[in-house]
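Protein sequence lines, in the order shown, are assigned to chains A and B. First residue of the first sequence? That's 1 in my numbering, and the numbers climb one at a time after it. First residue of the second sequence? That's 1 in my numbering, and the numbers climb one at a time after it. What follows is a short report on a single structure.
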Amino acid sequence: MIQKVLGRLAWAAFVVWATVSLTFLVNHALPSDPARMVAGAQARPEDVERIRRDLGLDQSMYVQYARFFRRLIHVGPHDVRADDSAHATCAAVLGPVHVDLGRSYQLRRPVVALIAERFPRTLLLAVAASLLQAVFGTLAGTIAASNKRTLKDHLAVLASLLGVSAPTFIIGLFLQWLVAYRLRLLPLDGYGETLAEHLACLVLPALTLGIFGAAYYTRLVRDEMIWQLGQDYVRTARAKGLSHLAVVVRHALRNAVAPIVTVLGLELGTLIGGAIVTEAIFRWPGLGSLSVNAMLDRDGPVIMGSVIVTSVSVVVMTIAVDLAYGFLDPRTLR
Amino acid sequence: MTVASFGDIRAIDPANVGDGLVPQILEALFAGLIDYDHDGNIVADLAERWITGDDGKTFRFFLRHGVRFHDGEELSADDVKRSVERALHPSAPNPYASYFEPIVGYEDFVAGKANELEGVQAEGRYVVTFRLKNPDVTFLPTLAMPVLRPVCKSAGHRYTDTWQPCGAGPFKLEPKGWEHGRQVTVVRHDGYFKPGLPYLDGVRFLFRVNQTSQRFRFTSGELDILADFLAPDLVKFQADPRWKPFGAYHAEHQIAGEAMNTEMAPFDNVEVRRAVAAAIDREQIRLVRAANLRVADQPVPPDVAGHDDSLRGQRFDYEAALEHMKRAGYPYDPVTKTGGYPHVIPYVVYKQGLAEFTAQVLAQQLARIGLRIEIRVVNYPTFLAIRGRRGQSAFGPGSWTQDYPEAQSFLEPLFHSKSIAGEDSNNWSYYKNLRLDALLDQAKRELDDRKRKAIYKEAQQIIIDDAPWAFTYYYRGYTQWQPYVRNYRVHPMWTHEMSRVWLDRAERPGGAR
Chain A
1 MIQKVLGRLA WAAFVVWATV SLTFLVNHAL PSDPARMVAG AQARPEDVER
51 IRRDLGLDQS MYVQYARFFR RLIHVGPHDV RADDSAHATC AAVLGPVHVD
101 LGRSYQLRRP VVALIAERFP RTLLLAVAAS LLQAVFGTLA GTIAASNKRT
151 LKDHLAVLAS LLGVSAPTFI IGLFLQWLVA YRLRLLPLDG YGETLAEHLA
201 CLVLPALTLG IFGAAYYTRL VRDEMIWQLG QDYVRTARAK GLSHLAVVVR
251 HALRNAVAPI VTVLGLELGT LIGGAIVTEA IFRWPGLGSL SVNAMLDRDG
301 PVIMGSVIVT SVSVVVMTIA VDLAYGFLDP RTLR
Chain B
1 MTVASFGDIR AIDPANVGDG LVPQILEALF AGLIDYDHDG NIVADLAERW
51 ITGDDGKTFR FFLRHGVRFH DGEELSADDV KRSVERALHP SAPNPYASYF
101 EPIVGYEDFV AGKANELEGV QAEGRYVVTF RLKNPDVTFL PTLAMPVLRP
151 VCKSAGHRYT DTWQPCGAGP FKLEPKGWEH GRQVTVVRHD GYFKPGLPYL
201 DGVRFLFRVN QTSQRFRFTS GELDILADFL APDLVKFQAD PRWKPFGAYH
251 AEHQIAGEAM NTEMAPFDNV EVRRAVAAAI DREQIRLVRA ANLRVADQPV
301 PPDVAGHDDS LRGQRFDYEA ALEHMKRAGY PYDPVTKTGG YPHVIPYVVY
351 KQGLAEFTAQ VLAQQLARIG LRIEIRVVNY PTFLAIRGRR GQSAFGPGSW
401 TQDYPEAQSF LEPLFHSKSI AGEDSNNWSY YKNLRLDALL DQAKRELDDR
451 KRKAIYKEAQ QIIIDDAPWA FTYYYRGYTQ WQPYVRNYRV HPMWTHEMSR
501 VWLDRAERPG GAR
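Structural data, given as structure tokens:
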């Protein structure tokens with residue numbers, strides 16, 4: 001078991017390194033100039049050149065690559081002070097071990113600080129949306145499968161079809177118009193100041209992502225449950241006199257849950273990277289809006305930071321799903 | 001008062017004015033020696049007056065006494081000099097630094113050869129002198145921009161990213177007044193040097209609010225001013241009698257057109273360029289967003305000094321366009337649809353801009369004279385890089401917004417040969433005309449408005465006839481405000497200038513009427 005976990009971690013480190021390196025190369029290969037994006041479309045060449053030098057973009061790609069990885073994880077003082085120019089953009093993790101993603105070209109703030117500010121908000125949205133997806137999707141899919149070819153089943157299939165077909169920006173704008181603008185039940189957008197306001201602001205974006213995801217889960221769970229309910233062990237359970245509910249929940253659903261957990265884990269990992277459209281509609285200040293703006297502005301350090309967070313989230317969730325299999329189905333540990 | 005925007009700002013510092021939105025916030029927080037009034041005139045501000053000497057090479061500014069920064073310190077001439085040097089020092093990410101190249105000693109200071117800027121000197125506590133290498137008509141207009149505005153002593157002598165903005169403007173920023181990516185809240189500066197001003201207790205600027213959300217907020221009374229519209233919403237507001245009295249267009253200070261690379265075929269042939277300029281039916285292009293566009297015929301927009309209605313501007317003339325194609329050696333027969341330029345011309349345009357749509361109209365219009373274009377849509381950073389790199393792009397959309405309301409702000413960067421560069425060129429048509437260069441240099445030194453206007457007229461006529469650009473439209477924004485917003489006028493430079501605005505809360509929001 002430990003060997004398996006260590007192997008997975010080594011593989012995960014390689015995947016993150018490869019992803020980050022590829023991003024670095026692609027970012028440099030693009031025919032665009034971060035210094036121009038900082039200076040503005042109308043800046044004079046001499047001002048663009050000065051800003052390019054100031055950002056260190058006049059160095060070769062190899063020098064920039066080496067500098068990025070040399071700074072990424074290094075040893076420094078326990079306390080990071082803003083006036084310490086050598087470590088002003090670092091975050092001290094585990095005592096003297098520093099993580100340094102550099103300074104945003106555009107926002108001129110340490111990228112670790114930007115990510116630390118945005119990550120909890122994105123995580124909150126991702127977890128809330130994933131829970132909504134999983135709970136409503138599993139419920140609707142299970143009801144549909146256990147009432148196959150009845151009105152309940154048809155309604156669940158129709159609803160999931162509508163949910164999957166409608167883009168998130170349509171769902172988001174509709175919810176914003178109906179719930180916030182017409183009914184005035186919730187804030188239009190934003191993040192709020194207090195915990196109560198955070199939660200109020202969370203509802204609509206989480207619901208937007210949740211509706212889209214729940215529709216997908218409904219179809220997934222329904223198909224999986226229909227297959228499970230046709231298996232011999234289900235017939236045996238029914239023959240033993242178990243109730244319909246017990247058969248569905250304790251037997252069929254438990255066996256159907258493995259693929260659902262797989263999708264849920266990967267989905268959560270992706271959502272942590274940011275729900276770009278939903279964040280934009282609801283002005284949710286998460287990683288999605290940060291990374292998409294960084295792409296539009298060619299803000300290299302923020303792009304690299306966002307990719308690291310996303311790739312680490314995805315590999316961590318993949319490992320978590322792998323390990324969860326062992327608990328859900330001990331046969332996979334053999 | 002609350003205003004919102006779809007965009008965002010990245011810094012609040014006169015030494016780092018990189019965003020289109022930030023000047024309105026800088027205007028609220030930082031007072032300058034001089035400023036622009038609501039009619040676009042340069043007026044005294046921190047300086048109660050100034051005198052020009054040495055044939056336009058020396059400017060002496062006499063500061064008001066007793067002006068207080070937000071931290072309570074009195075503003076002095078030393079603060080002005082320190083702020084200028086801080087903003088122009090090479091360590092500052094200032095995209096406008098080179099605009100102050102006319103100041104004596106600029107080169108040495110920027111190159112790090114001198115510790116102070118020789119051309120800016122404090123003479124006692126209340127007098128500051130600027131010395132220029134040559135008379136320069138752009139000096140006062142650029143000085144009135146936010147770049148060199150005095151900052152508190154806490155800003156130090158060199159730019160840092162962590163400084164808490166502090167100036168001598170009508171409003172001040174409180175310690176947690178800027179929530180990055182979300183909002184800036186400024187409150188009244190009680191020690192402001194203009195008695196009784198500002199009227200408002202504070203202003204909240206919201207960022208990254210999409211247009212739909214802005215409209216929802218505005219019609220429900222949560223937003224006091226609306227300036228970002230989806231096209232259908234703008235038409236609705238303008239047609240609604242409840243809102244019509246409370247809206248106004250912004251000054252027209254943006255030109256758009258089609259930039260033709262005069263170093264690349266077929267636009268190295270002036271007759272082809274003239275054919276393009278004559279083939280474009282600008283009225284059709286205007287209809288792409290009729291509420292915001294006006295037909296253009298010359299490079300300097302109507303609300304900028306140097307615009308001249310007596311000019312023989314570019315205009316749609318289909319027969320003339322065919323004649324120019326014939327003279328270029330590419331005759332085209334519109335009946336048989338044969339002839340014309342034999343190759344497809346790539347037209348590089350960026351996504352999500354208006355040009356992505358006007359390009360479709362343009363392609364159809366140019367096809368009628370035998371020019372076929374292939375529209376290549378790229379993202380904005382790529383577009384900027386390709387356009388500014390010599391020999392990369394033959395044809396594409398161009399647009400330019402004034403930095404200051406003077407023809408030089410358009411003509412020099414876009415058409416003077418000194419603006420041609422291998423990378424990051426602003427002269428996107430790589431157009432070189434020695435007569436035009438001489439005229440623009442002459443205009444820059446000419447301090448007499450009447451004589452300068454005549455020079456600009458001749459310069460613009462050369463550009464219109466040589467057609468490095470086919471000018472298409474002037475863009476004009478629109479602002480809607482609530483009926484209870486009083487004394488509001490769209491400012492020609494800063495859009496929102498709030499020092500004299502007040503709110504009459506007895507009046508209901510427009511959406512509730």
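Backbone N, C-alpha and C fix where the C-beta goes; we use that ideal spot for every residue, glycine too.
Starting from A/HIS98, trace the beta strand (DSSP E) in both directions and tell me its first and last residue.
Position 98 of the first sequence, counted from the start, is the residue given in the question as residue 98 of chain A. Here the beta strand (DSSP E) through A/HIS98 covers 97–100.
DSSP state of B/PHE509 mapped onto helix, strand, coil
Walking along the second sequence from the start, residue 509 of chain B turns up at place 509. What sits at residue 509 of chain B in the sequence shown is Pro, not Phe. If DSSP states are grouped into helix, strand and coil, B/PRO509 belongs with coil.
Measuring alpha carbon to alpha carbon, tell me which of B/PHE218, B/VAL120 and B/LEU29 ends up nearest B/PRO146.
Residue numbering aside, residue 146 of chain B sits at position 146 when the second sequence is read from its first letter. B/PRO146 has its Cα closest to that of B/LEU29, out of B/PHE218, B/VAL120 and B/LEU29.
Are any of the Cβ atoms in chain A nearer than 7 Å to that of B/PRO302?
Taking the second sequence and counting its residues from 1, the one referred to as residue 302 of chain B is at position 302. For B/PRO302, the answer is no, since every Cβ of chain A falls outside 7 Å of its Cβ.
I want to see whether chain C comes within less than 7 Å of B/PHE471, judged by CB atoms only; does it?
Although the question refers to chain C, the structure presented lacks it and instead comprises the protein chains A and B.
Residues of chain B with a CB under 7 Å from the CB of A/GLU46: which are they?
Taking the first residue of the first sequence as position 1, residue 46 of chain A is located at position 46. The answer, in chain order, is SER98.
Under 7 Å, Cβ to Cβ, is there at least one residue of chain A near B/PRO195?
Indexing the second sequence from 1 puts residue 195 of chain B at position 195. With 7 Å as the cut-off, B/PRO195 does not count as an interface residue toward chain A.
Closer than 7 Å, CB to CB, is B/PHE162 near chain A or not?
Position 162 of the second sequence, counted from the start, is the residue given in the question as residue 162 of chain B. It should be pointed out that residue 162 of chain B corresponds to Thr in this sequence rather than to Phe. Taking Cβ atoms only, chain A reaches closer than 7 Å to B/THR162, which makes this a yes.
CB-CB under 7 Å to A/PRO31, same chain, minus the five flanking residues each way: which ones, in chain order?
In the first sequence, counting from the first residue as 1, residue 31 of chain A sits at position 31. Closer than 7 Å at the Cβ level, and outside the excluded window around A/PRO31, lies no residue.
Does the distance from the CB of B/ASP8 to the CB of B/ARG208 come in under 7 Å?
Translated into the one-based positions of the second sequence, residue 8 of chain B becomes position 8. Translated into the one-based positions of the second sequence, residue 208 of chain B becomes position 208. In contact: B/ASP8 and B/ARG208 (Cβ atoms closer than 7 Å).
Euclidean distance between Cα positions of B/PHE109 and A/ARG71:
Counting from one through the second sequence, the residue named residue 109 of chain B turns up at place 109. Counting from one through the first sequence, the residue named residue 71 of chain A turns up at place 71. Between B/PHE109 and A/ARG71, the C-alpha separation is close to 32 Å.
Determine the chain A residues that contact B/PHE109 at a beta-carbon separation under 7 Å, and present them in chain order.
Locating residue 109 of chain B in the second sequence gives position 109, counting from the first residue. Correct list: empty, because the minimum Cβ distance to chain A is about 13 Å.
Would you give the residue range spanned by the alpha helix (DSSP H) that B/PRO397 belongs to?
By 1-based counting over the second sequence, the position of residue 397 of chain B is 397. That residue, B/PRO397, is in no alpha helix (DSSP H); its beta strand (DSSP E) goes 395–401.
Would you please verify whether the beta carbon of B/ARG204 is less than 7 Å from any beta carbon of chain A?
Here the question's residue 204 of chain B lines up with position 204 in the second sequence. No, B/ARG204 lies away from the interface with chain A (no Cβ there is under 7 Å from its Cβ).
Measuring only between beta-carbons, confirm whether A/ASP58 sits less than 7 Å from chain B.
As a first step, residue 58 of chain A is located in the first sequence; it is residue number 58 there, counting from the start. For A/ASP58, the answer is no, since every Cβ of chain B falls outside 7 Å of its Cβ.
Beta-carbon of A/MET37 versus every beta-carbon of chain B: anything under 7 Å?
Numbered from 1 along the first sequence, position 37 holds the residue referred to as residue 37 of chain A. Yes, A/MET37 lies at the interface with chain B (some Cβ there is under 7 Å from its Cβ).
Could you run through the region 391–417 of chain B and flag, in chain order, every residue whose CB is less than 8 Å away from some CB of chain A?
TRP400, THR401, ASP403 and PRO413
Quick test of the definition: if touching needs 3 or more C-beta pairs under 8 Å, does the region 301–314 of chain B touch the region 461–478 of chain B?
yes
Excluding the five sequence neighbours on either side, which residues of its own chain have a C-beta within less than 6 Å of the C-beta of B/ALA155, listed in chain order?
Start at 1 with the first residue of the second sequence, and residue 155 of chain B comes out as number 155. Taken in chain order, the residues that qualify are TRP163.
List, in order along the chain, the chain A residues whose C-beta lies closer than 9 Å to that of B/SER425?
One-based indexing of the second sequence puts residue 425 of chain B at position 425. Ordered by position in chain A, the residues that pass the 9 Å Cβ test against B/SER425 are PRO45.
Does B/SER393 pass the burial test, meaning 16 or more other C-beta atoms within 10 Å, or should it be called exposed?
As a working mapping, residue 393 of chain B is identified with position 393 in the second sequence. Buried is the call here.
Going straight from the alpha carbon of B/LEU148 to that of A/GLY137, what length do you get?
Looking up residue 148 of chain B in the second sequence gives position 148. Looking up residue 137 of chain A in the first sequence gives position 137. If I take the Cα positions, the gap works out to 59 Å.
Hey, does A/ARG121 have any beta-carbon neighbour from chain B nearer than 7 Å?
Along the first sequence, read from residue 1 onward, the residue named residue 121 of chain A stands at position 121. Not closer than 7 Å to any Cβ of chain B, the Cβ of A/ARG121 fails to qualify, so no.
Counting C-beta neighbours from all protein chains within 10 Å, is the total for B/HIS157 16 or more, i.e. buried, or is it exposed?
To locate residue 157 of chain B, count along the second sequence from 1; it is residue 157. By the neighbour-count rule (16 or more Cβ atoms within 10 Å), B/HIS157 is not buried but exposed.
Mind listing which residues of the region 335–346 of chain B have their C-beta closer than 8 Å to chain A's C-betas, in chain order?
none
Any C-beta of chain A sitting closer than 7 Å to the C-beta of B/ARG182?
Your numbering for residue 182 of chain B matches position 182 in the second sequence. Taking Cβ atoms only, chain A reaches closer than 7 Å to B/ARG182, which makes this a yes.
Between the CA atoms of A/MET295 and A/GLN176 - distance to the nearest angstrom
As a position in the first sequence, residue 176 of chain A is number 176, starting the count at 1. As a position in the first sequence, residue 295 of chain A is number 295, starting the count at 1. Straight-line Cα distance between these residues: approximately 27 Å.
Starting from B/LEU322, trace the beta strand (DSSP E) in both directions and tell me its first and last residue.
Here residue 322 of chain B is taken as the residue at index 322 of the second sequence, counted from 1. Taken as a continuous stretch (DSSP letters only), B/LEU322 belongs to no beta strand (DSSP E), being part of the alpha helix (DSSP H) at 318–328.
What three-state label does DSSP hand B/ARG372 in the structure shown?
Within the second sequence, numbered from 1, the residue matching residue 372 of chain B stands at position 372. Strand at B/ARG372.
Proximity to A/GLY305 [Cα-Cα], best of A/LEU125, A/SER243, A/GLY190 and A/TYR105:
As a first step, residue 305 of chain A must be located in the first sequence, where it is residue number 305. The shortest Cα separation from A/GLY305 among A/LEU125, A/SER243, A/GLY190 and A/TYR105 belongs to A/TYR105.
Where A/ILE143 and A/THR270 are concerned, what is the direct C-alpha to C-alpha distance, given to the nearest angstrom?
Taking the first sequence and counting its residues from 1, the one referred to as residue 143 of chain A is at position 143. Taking the first sequence and counting its residues from 1, the one referred to as residue 270 of chain A is at position 270. Taking the straight line from one Cα to the other gives about 28 Å.
Per DSSP, B/LEU293 is paired with what?
Position 293 of the second sequence, counted from the first residue, corresponds to residue 293 of chain B. Beta-bridge pairing links B/LEU293 to B/TYR475.
Can you tell which of B/ARG505, B/ARG273 and B/HIS496 has the C-alpha that lies nearest to the C-alpha of B/ASP37?
Position 37 of the second sequence, counted from the first residue, corresponds to residue 37 of chain B. When each option's Cα is compared against that of B/ASP37, the closest is B/HIS496.
Can B/LEU206 and B/ALA367 be called in contact, C-beta distance under 7 Å?
By 1-based counting over the second sequence, the position of residue 206 of chain B is 206. By 1-based counting over the second sequence, the position of residue 367 of chain B is 367. Not closer than 7 Å, so no.
Residues of chain A with CB under 9 Å from B/SER220, in chain order?
Residue mapping note: residue 220 of chain B aligns to position 220 of the second sequence, counting from 1. What B/SER220 touches in chain A: TYR181, ARG184 and LEU188.
Decide if the region 258–274 of chain B is in contact with the region 283–296 of chain B; the criterion is three or more beta carbon pairs, one per stretch, under 8 Å apart.
no
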